[in-house]
Amino acid sequence: MGRPGLNLYFAERFRLKMANSTLPERIRRDFPILDRSVHGKPLVYLDNAASAQKPLAVIEGQREYLANYHANIHRGAHHLAQLATEAYEGTRGKIADHIGAGSTEEIIFTAGSTDAVNLVTQSWGRANLSAGDTVLVTRMEHHANIVPWQMVCAEKGAEVVPVDVQEDGTLDLEDFARKLERHQPKLVGVVHASNTLGTINPVAELCAAARTAGAVTLVDGSQALPHLTIDVAAIGCDFYVATGHKAYGPTGIGFLWGRRDLLDAMPPWRGGGEMIRSVSFDGTTYNDLPHKFEAGTPHISGGIALGIALDWMNGVGLDTIHAHESALVQHAHQALQTLPGMRIIGTAPEKVGVVSLVVDGLHPYDLGTLLDGQGIAVRTGHHCTEPLMAHFGLESGTLRMSFAAYTTREEIDRAVIALERAMRMLS
Amino acid sequence: MGRPGLNLYFAERFRLKMANSTLPERIRRDFPILDRSVHGKPLVYLDNAASAQKPLAVIEGQREYLANYHANIHRGAHHLAQLATEAYEGTRGKIADHIGAGSTEEIIFTAGSTDAVNLVTQSWGRANLSAGDTVLVTRMEHHANIVPWQMVCAEKGAEVVPVDVQEDGTLDLEDFARKLERHQPKLVGVVHASNTLGTINPVAELCAAARTAGAVTLVDGSQALPHLTIDVAAIGCDFYVATGHKAYGPTGIGFLWGRRDLLDAMPPWRGGGEMIRSVSFDGTTYNDLPHKFEAGTPHISGGIALGIALDWMNGVGLDTIHAHESALVQHAHQALQTLPGMRIIGTAPEKVGVVSLVVDGLHPYDLGTLLDGQGIAVRTGHHCTEPLMAHFGLESGTLRMSFAAYTTREEIDRAVIALERAMRMLS
Amino acid sequence: MSTDLIAARQTDVIDEFALFDDWMDKYEHLIELGKDVPAIDTGRKTDEHLIKGCQSRVWLAADAEADGTVRFTADSDAIITKGLVGLMVRVLSGAEARAIAEADLHFLDAIGLHQHLSPTRSNGLASMVKQMRLYAAALAARQA
Amino acid sequence: MSTDLIAARQTDVIDEFALFDDWMDKYEHLIELGKDVPAIDTGRKTDEHLIKGCQSRVWLAADAEADGTVRFTADSDAIITKGLVGLMVRVLSGAEARAIAEADLHFLDAIGLHQHLSPTRSNGLASMVKQMRLYAAALAARQA
Ligand SMILES: Cc1ncc(COP(=O)(O)O)c(C=O)c1O
Ligand SMILES: Cc1ncc(COP(=O)(O)O)c(C=O)c1O
């Protein structure tokens, strides 16, 4: 296996380097891709909210699994199946520890946040929503936490109602309280941190209010996992979803955490191998948690590598990462404000490493293309938050820079200079 | 990128080696895991029907993606996003070519076969089945092609009816014709090759009869993809599903092929990013094929690596692989029949590389455990085909040896000798 | 033969871009072109003529001329897309319907901008070209 | 104290298996043990006592004795599982309820068979041990 060995090796390197250098210097060499160039310019990767790059430990851990102990997991009596199962199931334990879950049985592996929300809408939602019911979400939700609710609500004759967002990109808490009161929603869905605005929502407060109003709560932690310490018990939510690839892990793997009694009461969603106890044409019975919700061969290398990614993040320390990124956001805000016609979308006091912007009269796509030509990777458009863009009247979306643990101030400076050049070229 | 370069390199090696050596000799060095040992004995991996091992091209291709051009795909205006998108979408084209699909828009990426069948049951099934309808499947289906149908049929008041299997493991074609006639099923689901028996079903014939009877057809090609040349037009089915990890690709990725008019008429299943055209709280519209069915960030490395796996298989040649495996099956049948109390389950004339067996009075789990102790990886149990096991009265399932392109005669001989030893120890 | 016309125009564009070997210079030129593209008549900048890419929007209008050729006008809300759209119009507009439908459009590749034609780029350009060809093909079929 | 009893029995088993350093020899011994395990009373080999692993099946019966100890009998349809089940019974049966509930069961690890205790092994052993402990814990709680 060697995976534990590999992790120890990395943990050791961190400890040695922590003492005398700043975060990016300590960790950048763990990310081989950061050394590459694009269009002949050194890459500046500021598209981390779309997907973070992977540390060597993750890349090598996946490789090692494929080259040394790949086998289909569960039910295999042979040694490789045992090794693969232990590694994969090991991640379930790491996730449970990482987010303060009561037990590993409450952690359901999914293909990502989107898949996790769909599991909730199609299993819990179809069983619990009926005509006239309301699902309350925020106007800053990612499409992944809107569309699945629209689909199940359309089926059931229920309604999806959005809570307003204020000018600075914070949630309108009065509107939240008002709509909670007025609509008595069956479920409240809220993004922990917005992928477009960076806003960190007061999820514990929101969930407490929702619970008092009798609503079940779902928190979308896709952007929180890479930046914040998560404790589902402290948040007090009923469901929490996240995705691996934004948190230094692979794509195609994520998880749903759910309160055990809710999960137990929910019908299975996908059918197939693994999720059954016994199958016959006279009647099929289903497996216990968590397998009840996990049909078919999972993304094994992804599961294993997600565990390594969590180890890597915890090795660096989420407080360290969050402090670093907060400083970067401050720095970016300041630097950007020196440019003419610049408008930063999302200036909440509490933000993760996301800076969205528009420039008067210029199209984000043009700006993004000209940044790409200078080696700078940013994302432009609606960032899968069209209702939010409509709310701010930004039909063409924004240009978004988003940061990770390895992002440097110098990279942000280079991006700002490149942006200035792009603005000159376009006007 | 380097991926195309890598493939060329491998293709070149094949050509050089083809001339003067047999298949496993030519390709075994492409599979690093085959050199490892288990419990101090050299590994003999005969669990390929559960999951095949990965060639270096696949392992290195994934690594290269993660180390050199990882980014979230689609909608990204920057260079890395472009490279990743091209590689991922390139696989869609390779799949379409590989199975004779009319267009790439008919290829929907899924998490595997299980996920693909669930897409059909939850989208097509929920829209098209109603009370009193029948879904006809075979008694040799994998749970993945039974349970999802049971779930949607339970919801709709429809019924799942199984077609019988004969003593030698071939499908009872008379029973098929009879049940087609009697039940007038809305859908016929049939496994292309059985993962437990090895039986290759006459899918073209079955689909033609089903179509004449007015049924929509779904073929589960999970075990066909690694062994047989597939042509969905020649088969004449409406849906075809398969999974990557049995065909030398990664786990967590597979596909659904569907007839375009059916796919076009089907409602989306999972909601979220990618699958939408436009989202608002007043109404959301959906994207075109294939994206309509692909919500959220996909398993990007898996998609890229699946394309490499197909290239690898085609480089070796499916006819070569199938001929090799057929010879192995013959050899295994002969060698096993020398052992006392041996009963081979599944002796159809047309088989893929799967040999299931039971030994009088001995438990498959005991045999499998003692094979593992001798370095030989096989699978024991019901292989996710409980109804088939019940049909044969095999409550404890079978011991299954399953072969791949790299399996040698010597490995089978070693397995037979090890089995003999295990039998001696147990009696 | 207006196939030759399209080929000649592509050569023209390729020669024009050969002056720039730096990526940014090329885009600077594209932006200048974008600024100079005669905007589509405002009367035609309507939803009917809209091609919705998810990054930028493109408007395309096509007119069949009496002599069997097709005249295109196009526009975009993003200036780089507009430059690209303008190049496409410059190469194809005024050619014969059949020639447009069958044209081998290699110039974007040759000037190193082929990535903008990728359908996954979502800038609307790929859909626009598809629509130009479909329109021309339909027209050519009617003429035949 | 029957914690010591459990510890002593584990040492016993460990010593016994120390004779075999080859994997196959160890399993040979386990099989012999499996053959010798007194089968569960056929009257108790019922669904009520069945623990369904998906690879092999295990039956477990537990009886609370008047002196606060628990007597287990167990069986399996697979001989290796039966050997393991027999070892577990040998170590725990007749010990005090509390000691069973709290026992540190390291002997399978020490003799290199811990993988059989993995819940994903699906041989029913892990579920059986869980059930033994639950039974003992419930009994100990009632006694306290
Ligand atoms: C015949 C057959 N169908 C379906 C499946 C399910 O494939 P997956 O688990 O990759 O979804 C398998 C393999 O497990 C299989 O052999
Ligand atoms: C806030 C938020 N929610 C959900 C998602 C969806 O994650 P995934 O695409 O991995 O399912 C994303 C990222 O795309 C996100 O930023």
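Chains as they are written, first to last, in the working numbering: chain A, 1 to 427; chain B, 1 to 427; chain C, 1 to 144; chain D, 1 to 144.
The beta-carbon is built from N, C-alpha and C at its ideal position, and this holds for glycine as well.
Annotation: F72(D) is outside any alpha helix (DSSP H); the continuous beta strand (DSSP E) that includes it extends over V70 to S76. The C-alpha of E274(B) lies about 11 Å from the C-alpha of L289(B). DSSP, read as helix, strand or coil, puts S278(B) in strand. When only Cα atoms are considered, P55(A) and R75(B) end up about 24 Å apart. When the Cα atoms are used, I14(D) and G397(B) turn out to be separated by approximately 33 Å. Per DSSP, the beta bridge partners of P42(B) are S37(B). The distance from the Cβ of L399(A) to that of L426(A) is about 12 Å, inconsistent with a contact at the 8 Å cut-off. The count of Cβ pairs closer than 8 Å, one atom from the region 220-236 of chain A and one from the region 180-193 of chain A, reaches three, so the stretches are in contact. Going by C-alpha positions, G373(B) is about 36 Å away from A116(B). Chain-ordered, the chain A residues with CB closer than 7 Å to the CB of L66(B) read K54 and I59. Cβ neighbours of V216(A) within its own chain (closer than 6 Å, five residues either side excluded): L187 and D238.
From the listed residues E395(A), A96(A) and D413(A), the smallest Cα separation to F109(A) is found for A96(A). Interface annotation for the region 296-313 of chain B against chain A: G296, T297, P298, H299, I300, S301 and G302, criterion Cβ-Cβ distance under 7 Å. Ligand 1 has no heavy atom closer than 6 Å to the beta-carbon of Q53(B). Beta-bridge analysis with DSSP links S130(A) to no other residue. Interface criterion not met: the Cβ of Q337(B) is under 7 Å from no Cβ in chain C. Using beta-carbon distances, Q115(D) counts as an interface residue toward chain A, with a partner under 7 Å. Q166(B) counts as exposed, since fewer than 16 other C-beta atoms from the protein chains shown sit within 10 angstroms of its C-beta. L139(C) is not bridged by DSSP to any residue. At least one C-beta of chain A is nearer than 7 Å to the C-beta of Q150(B).
From the beta-carbon of S118(C), the residues of chain B found nearer than 8 Å are Q82, T85 and E86. Listed as beta-bridge partners of V355(B) by DSSP are M401(B). For L306(A), the enclosing alpha helix (DSSP H) stretches over residues I300 to V316.
Taking a beta-carbon distance threshold of 7 Å, Q55(D) counts as an interface residue toward chain B. Here K35(C) carries a helix assignment [DSSP, helix/strand/coil]. Here the distance from the Cβ of A144(A) to the nearest heavy atom of ligand 2 is below 6 Å. Residues of chain B with a Cβ closer than 8 Å to the Cβ of D77(D) are, in chain order, H363 and S396. Residue environment analysis places Q122(B) among the buried positions, since at least 16 neighbouring C-beta atoms fall within 10 angstroms of its C-beta.
In this structure, the C-beta of S222(B) approaches ligand 1 to less than 6 Å from one of its heavy atoms. I80(C) reaches chain A at H363, Y365, D366, T369, L370 and L426, counting residues in chain order whose Cβ is nearer than 9 Å. For a Cβ distance threshold of 7 Å, residue set W23, M24 and Y27 of chain C lies close to G373(A), ordered along the chain.
Here T229(B) has L318 as same chain residues with Cβ atoms under 6 Å from its own Cβ, once five neighbours each way along the sequence are excluded. Secondary structure at R57(C): strand, using DSSP grouped into helix, strand and coil. Excluding residues up to 5 positions away in sequence, E274 and M275 lie with their Cβ nearer than 7 Å to the Cβ of H291(B) in the same chain. Using beta-carbon distances, I31(C) counts as an interface residue toward chain A, with a partner under 7 Å. Boundaries of the alpha helix (DSSP H) around A177(B): L173 to H183.
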